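Colleague:
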Amino acid sequence: MKKGYVYLVGAGPGDIRLLTVKGQQCLEIADVVLYDRLVNPLLLEKTKAGAELVYCGKLPDRHLLRQEAINDLLVKYALEGKIVVRLKGGDPSVYGRVGEEAAELEKFNIGYEIVPGITAGIGASTYAGVPVTHRDYGASFAIVTGHDKSPDGHPLIDWRGLATGIDTIAFYMGIKNLPYICEKLLENGRSKETSVLLVQWGTLGKQKTLMGTLETIAQLVKEQKFSNPAITIVGDVAQLRKTESWFERQPLFGKHVLFGRTSEGESEIASKLTSLGAEVLEYPRFMTKHLKETYVHFEDYDEIVFHSPKSVEWFFSQLKEQRVDIRSLKATLYGASTKSIKAIESFVCLGFPVNEMIEGNKRLLIASTVWKDREQQRRELYGQHDFLGSHSELVVRQSNFTCQRILDEDRVDTIVFPSAESVKVVTEQITACHETPMTLSERAEIICFGPATYEAAIRYGYKVKTTLQEPSGQALIKELVKQEQVKGS
Ligand code: SAH
34 MKKGYVYLVG AGPGDIRLLT VKGQQCLEIA DVVLYDRLVN PLLLEKTKAG
84 AELVYCGKLP DRHLLRQEAI NDLLVKYALE GKIVVRLKGG DPSVYGRVGE
134 EAAELEKFNI GYEIVPGITA GIGASTYAGV PVTHRDYGAS FAIVTGHDKS
184 PDGHPLIDWR GLATGIDTIA FYMGIKNLPY ICEKLLENGR SKETSVLLVQ
234 WGTLGKQKTL MGTLETIAQL VKEQKFSNPA ITIVGDVAQL RKTESWFERQ
284 PLFGKHVLFG RTSEGESEIA SKLTSLGAEV LEYPRFMTKH LKETYVHFED
334 YDEIVFHSPK SVEWFFSQLK EQRVDIRSLK ATLYGASTKS IKAIESFVCL
384 GFPVNEMIEG NKRLLIASTV WKDREQQRRE LYGQHDFLGS HSELVVRQSN
434 FTCQRILDED RVDTIVFPSA ESVKVVTEQI TACHETPMTL SERAEIICFG
484 PATYEAAIRY GYKVKTTLQE PSGQALIKEL VKQEQVKGS
């Protein structure tokens, strides 16, 4: 049997947009993904439908799966002929044990590649507003472990060399040993006024920072119960953090949104929220399944109406497959939305809005198969017509897995329902995460796009906080920004 292939991939420090293009390509083709605790679960949404996801979360004191077990799994899946991604937080070669995994794969003659990632020491400090080198504050930079496998966990390091020879030091896994680290640096000649910046959950919506000096930071950490995962940046560059960083100043920084979805693909509104600093899970995930072939005579119709751009695309691919020239059709083409009209026009045909349809014409509606059973609703919208289902949207169950992890980490504070259909879909799927409309309403503020959506949400048992005046992305952003400002003031 053909051997599989392994990609040892760095996921970056948290923000999913810090994954490399190559890393993303690996996730898209993977049959199996073995991922760590520090990997943002939102990245799992980039895997193909049906990919197997294996959690290797190694909590510091509680090894769920020891390294040997992970190595064994990598080998096992590869020998089964699978494409395997081993997804690690940050960069795989920085305290990621990638060397051991690679050696194991070599032993079995399994092909592999290592895909670098942005390491937390650089990612977290950048997102906290501090560059690790600066012409005026620091010319050298070191990555140092704050913990090792010796009995007391104190790392064996050339403390003198480090204290006197390196300007900026990033300590990983160093919170527990922080008093020891500060003591050693002071003992070996570093000034007690040296700035220290701690960044916890760097590059994520829950990023927190703490500023001090080598003399004060250990006490501050104790007082504020600052915990891992955090990076400790020691050096003059840390002075460059004055107020909130560019990242923390984004209007929706700290917002965690679950955005209801009813079809495949990313919504423009959700990506806009992300670009303003929110963390967004579009849920659940869908896969579009196109109807294979049809024997409908398009030539017979005076009007063809498209409910969505996907139906438009399907229609034109059908014409091509059946070798039908568009010029042989007499039908005028209508789109139910601006997007559908644009889709029609992208095929160099004119598209018209549905309110221009002519009563009495022989009409065909092409839409997703969910519309098949909604006969009355269809008639109200499009009058007398024949119906043709172009595609169906199938739920990808993997997204429940991502959603569960996000809920476990308490990373949902707002739920947005853009349509009544999204209320239904989310409510049906979320039972897999052991949640109900009641429990979700306690965790998060519910926002509905309009009155019909509001009514559906109430019917299902949600407590709705806000119904937007106007069902648009702009109105949603305005509302969320307002909420953040109220919180901040
Ligand atoms: N390979 C990873 C490091 C793994 S060691 C990388 O290159 O970043 C785990 C340590 O990394 C944690 O204890 C913490 O010190 C640091 N770390 C990982 N993610 C972090 C984050 N988002 N913010 C701050 N520190 C992080």
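Plus 33 on top of the position in the sequence shown (first one is 1) and you've got my numbering. Here a beta-carbon is modelled for each residue, glycine too, at the ideal position from N, C-alpha and C. Since this is a predicted model, take the numbers as computed values, not measurements.
Can you find at least 3 beta carbon pairs, one from the stretch 269-278 and one from the stretch 310-326, that sit closer than 8 Å?
Modeller: Because the criterion of three Cβ pairs below 8 Å is not met, the stretch 269-278 and the stretch 310-326 do not touch.
Colleague: Closest to residue 182 by CA distance: which of 128, 432, 226 is it?
Modeller: One-based indexing of the sequence shown puts residue 182 at position 149. Per the Cα distances, 128.
Colleague: Residue 119 bridges to which residues according to DSSP?
Modeller: Reading the sequence shown from its first residue, position 86 is the one you call residue 119. Residue 119 pairs with 41, 67.
Colleague: Can you tell me whether residue 104 is buried or exposed, with buried defined as 16 or more other CB within 10 angstroms of its CB?
Modeller: The residue you call residue 104 lines up with position 71 of the sequence shown. Residue 104 comes out buried.
Colleague: Return the first residue and the last residue of the beta strand (DSSP E) that residue 313 is part of.
Modeller: As a working mapping, residue 313 is identified with position 280 in the sequence shown. 312-316 is the extent of the beta strand (DSSP E) around residue 313.
Colleague: Does DSSP put residue 475 in a helix, a strand or coil?
Modeller: As a first step, residue 475 is located in the sequence shown; it is residue number 442 there, counting from the start. If DSSP states are grouped into helix, strand and coil, residue 475 belongs with the helices.
Colleague: Give the list of continuous alpha helix (DSSP H) stretches no shorter than 4 residues that lie fully inside the stretch 318-346.
Modeller: Within the stretch 318-346, no complete alpha helix (DSSP H) run reaches 4 residues.
Colleague: How is the beta strand (DSSP E) around residue 175 delimited, first residue to last?
Modeller: As a position in the sequence shown, residue 175 is number 142, starting the count at 1. 174-178 is the extent of the beta strand (DSSP E) around residue 175.
Colleague: In angstroms with no decimal places, state the Cα-to-Cα distance between residue 124 and residue 433.
Modeller: Counted from its first residue, the sequence shown places residue 124 at position 91. Counted from its first residue, the sequence shown places residue 433 at position 400. For residue 124 and residue 433, the distance between alpha carbons rounds to 27 Å.
Colleague: Does DSSP put residue 146 in a helix, in a strand, or in coil?
Modeller: Position 113 of the sequence shown, counted from the start, is the residue given in the question as residue 146. Here residue 146 sits in strand by DSSP.
Colleague: Using the Cα positions of residue 405 and residue 343, report the straight-line distance between them to the nearest angstrom.
Modeller: Position 372 of the sequence shown holds residue 405. Position 310 of the sequence shown holds residue 343. Approximately 16 Å, taken between the alpha carbons.
Colleague: Short check: CB of residue 302 to CB of residue 506, under 8 Å?
Modeller: The sequence position of residue 302 within the sequence shown is 269, counting from 1. The sequence position of residue 506 within the sequence shown is 473, counting from 1. In contact: residue 302 and residue 506 (Cβ atoms closer than 8 Å).
Colleague: Within 10 angstroms of the Cβ of residue 171, are there 16 or more other Cβ atoms? Answer buried if so, exposed if not.
Modeller: The residue you call residue 171 lines up with position 138 of the sequence shown. That one is buried.
Colleague: Quick one: residues in its chain with C-beta nearer than 6 Å to the C-beta of residue 365, no 5 flanking neighbours on either side, listed in chain order?
Modeller: In the sequence shown, counting from the first residue as 1, residue 365 sits at position 332. Within the same chain, residue 365 has close Cβ partners 336.
Colleague: Could you pull out every residue in the same chain whose Cβ sits closer than 6 Å to the Cβ of residue 152, ignoring the five residues on either side in sequence?
Modeller: Walking along the sequence shown from the start, residue 152 turns up at place 119. Once the five neighbours on either side are set aside, the close Cβ partners of residue 152 are 123, 124, 127.
Colleague: Nearest by alpha-carbon distance to residue 219: which of 309, 194, 236 is it?
Modeller: Taking the sequence shown and counting its residues from 1, one reaches residue 219 at position 186. Out of 309, 194, 236, 194 has the C-alpha closest to the C-alpha of residue 219.
Colleague: Could you tell me if residue 141 is buried or exposed, where buried requires 16 or more neighbouring beta carbons within 10 angstroms of its beta carbon?
Modeller: As a position in the sequence shown, residue 141 is number 108, starting the count at 1. By the neighbour-count rule (16 or more Cβ atoms within 10 Å), residue 141 is not buried but exposed.
Colleague: Any heavy atom of the ligand SAH within a distance shorter than 7 Å of the CB on residue 213?
Modeller: Walking along the sequence shown from the start, residue 213 turns up at place 180. Incorrect: residue 213 has no Cβ contact closer than 7 Å to the ligand SAH.
Colleague: Tell me whether residue 269 sits in a helix, a strand or coil according to DSSP, three-state version.
Modeller: The residue labelled residue 269 in the question sits at position 236 within the sequence shown. In this structure, residue 269 counts as helix in the three-state DSSP scheme.
Colleague: Do you know offhand how far residue 446's Cα is from residue 299's?
Modeller: As a position in the sequence shown, residue 446 is number 413, starting the count at 1. As a position in the sequence shown, residue 299 is number 266, starting the count at 1. Approximately 20 Å, taken between the alpha carbons.
Colleague: Measuring straight from C-alpha to C-alpha, what distance separates residue 296 and residue 234?
Modeller: What you label residue 296 is simply residue 263 of the sequence shown in a count that begins at 1. What you label residue 234 is simply residue 201 of the sequence shown in a count that begins at 1. Distance between the alpha carbons of residue 296 and residue 234 is about 32 Å.
Colleague: When the Cβ atoms of the stretch 417-431 are set against those of the stretch 367-382, are three or more pairs found closer than 8 Å?
Modeller: The stretch 417-431, when compared against the stretch 367-382, does not touch it at the 8 Å Cβ threshold.
Colleague: How is the beta strand (DSSP E) around residue 203 delimited, first residue to last?
Modeller: By one-based count along the sequence shown, residue 203 stands at place 170. Run containing residue 203: 201-205, per the beta strand (DSSP E) assignment.
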